[in-house]
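Comments concern the structure below.
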Amino acid sequence: MLGETGPEWLSEEVKTGTTIIAIEFNGGVVLGSDSRVSAGASVVNRVMNKLSPLHDKIYCALSGSAADAQTIAEMVNYQLDVHSIEIGEDPQVRSAATLVRNISYKYKEELSAHLIVAGWDRRDGGQVFATLNGLLTRQPFAVGGSGSSYVYGFVDAEYRRGMSKEECQQFVVNTLSLAMNRDGSSGGVAYIVTIDEHSTEEKVVLGNNLPTFFDQ
Amino acid sequence: MSTHAASSTSRKHKSLFTKMAMLTVSRPPLGGFSFENCKRNAVLEGEVNKVGCSLPTARKTGTTICGVVFKDGVVLGADTRATEGMVVADKNCSKIHYISPNIYCCGAGTAADTEMTTQIISSNLELHGLSTGRLPRVATANRMLKQMLFRYQGYIGAALVLGGVDCNGPHLYSIYPHGSTDKLPYVTMGSGSLAAMAVFEDRYKPDMEEEAAKQLVRDAIAAGIFNDLGSGSNIDLCVITKGKVDYIRPHDEANKKGIRTGDYKYKGGTTGVLTKVVTPLDLELVDESVQTMDTS
């Protein structure tokens, strides 16, 4: 807008060049993300947890611009708190996804972040919603972020309907490991969140415990 | 005051007012931001570039700032050089800003932006604290800062390291100009951040003692000072623990000005005087005027 651009590292926006994934199983969802945050060529945070709670049993996975994604998640967290007090019970995953979608759509020209919303509610069980560019669609699983391009083939080939909770967790960890190995903007550790009727479990898989594949 | 003087001043005011009125009537205010100065700046830049000069650049603190969480609190560190392009504008500026009695903030980026942003949030936090009746929390200061920086979409060039101790223990945040924040046990920012982070990644341990933490921060800032052109001069530290703040300025004068070992001046009388001629200069008094100050 103005003439001069100023120092480069200030204008290089902090991005969560990322791999995020969420998958639904019978009775819940599993979300996974890497932990790298970059500003230009520099990694500014190597342990960021990109799985952000929107409510007790609803989480969202952040990707794209760190500032935009964090702000959307915090705004929706607040709006969901108000909404759940108004209705007097836990909110539906579809409501959370709709709130995220409303912000993403209304400000789609100004924002550059993609959030995947996943959680469990009493009405429809485990659900995963993608909100890319302001759409709202329920999917059995969703991948996002810069690292997702490298693993579309893997997830399309390996996904089967009716996987158990443990199989889903393994599927998520495998996908993240493959993407982190190929994508320069993804790396660090893997965060896994499993949400079902009884509990919300957060787990960290450190770098040396990630599954290895051919050529590693 | 004589009536003659009063009438002459009022006559002057009236002519000024009519001039002002002619300027203001031309365009009514529209509301919202006014970008008139941007057009003016663009025109000025064109004019100045034609002559061969360049407009003055915003002074930035090419900087090394960092923070570390230790057993009882946080240690914040900063260098003290402020640069204007390739020239050092201030050799001993203070980059650790007060937010509240238990929270301090280091600032990198545009000096004016970090200064004003921290002052605004410090003022708002004080009002907030009067409203809650409690000591403010570091998370509150973090929220206020990130929401303000996001609102300005990165145009406020302030990269901050925010640290403090509150009822929930010690906390450390890094805040970027676009409004994203990270909560970590050790953070570095500024042009010297890579050098400082190298020191942290090598020697950081959780639950350090105060002296070890101070030494670590000092070494990290020193790495930035000696390996980054934008950072230099002294090392300031701020140690925040529950109930006590140690603002150590300077902690380490890493770049003390050296003492000259020799002198090119000669003592009076070294050169012998051969002759002495005195010529008085006659200066003519052209005009004498007295301007009285209004000290009423």
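Residue numbers (our numbering), protein chains in the order written: chain G, 3 to 218; chain D, 27 to 322.
All C-beta atoms in this analysis are idealised placements derived from N, C-alpha and C, irrespective of residue type, glycine included.
Considering only beta carbons, the part of the stretch 29-53 of chain G lying closer than 8 Å to chain D consists of 39, 41, 44, 46, 47, 49, 50, in chain order.
Taking a cut-off of 8 Å on C-beta distances, the stretch 301-310 of chain D does not touch the stretch 124-142 of chain D, as fewer than three cross pairs fall below it. Under the three-state reduction of DSSP output, residue 136 of chain D falls in the strand class. Note on the stretch 234-264 of chain D: whole alpha helix (DSSP H) runs with a minimum of 4 residues are 236-253, in chain order. For the pair residue 245 of chain D and residue 27 of chain G, the Cα-to-Cα distance works out to about 51 Å. Burial check for residue 69 of chain G: the Cβ neighbour count within 10 Å reaches 16 or more, so the residue is buried. In summary, residue 193 of chain D is exposed, with fewer than 16 beta-carbon neighbours lying within 10 Å of its beta-carbon over all protein chains present.
For residue 116 of chain D, no Cβ of chain G is located within less than 8 Å of the residue's own Cβ.
Partner residues in the beta bridge of residue 116 of chain G, as assigned by DSSP, are G:65. Identification of chain D residues near residue 72 of chain G by a Cβ-Cβ cut-off of 8 Å yields 172, 205, 206, 207, ordered along the chain.
The residue among G:20, G:85, G:166 with its C-alpha nearest the C-alpha of residue 34 of chain G is G:20.
Per DSSP, the beta bridge partners of residue 99 of chain D are D:267. Contacts with chain G at 8 Å (Cβ-Cβ) include residue 202 of chain D. Using beta-carbon distances, residue 252 of chain D does not count as an interface residue toward chain G, since no partner is under 8 Å.
Following the DSSP letters along the chain, one finds residue 100 of chain G in no beta strand (DSSP E) but inside the alpha helix (DSSP H) bounded by residues 95-108.
For the stretch 195-214 of chain G, the set of positions with a beta-carbon nearer than 9 Å to some beta-carbon of chain D is empty. DSSP places residue 219 of chain D in the uninterrupted alpha helix (DSSP H) bounded by 219-229. In this structure, residue 37 of chain G sits away from residue 46 of chain G, with a CB-CB distance that is not shorter than 8 Å.
Around residue 222 of chain D, the same chain offers 90, 92, 214, 246, 247, 249, 250 as residues with beta carbons nearer than 7 Å, after the five sequence neighbours per side are excluded. Beta-bridge analysis with DSSP links residue 47 of chain G to G:39. Between the stretch 123-132 of chain D and the stretch 279-299 of chain D, the count of C-beta pairs closer than 8 Å stays below three; the two stretches do not touch.
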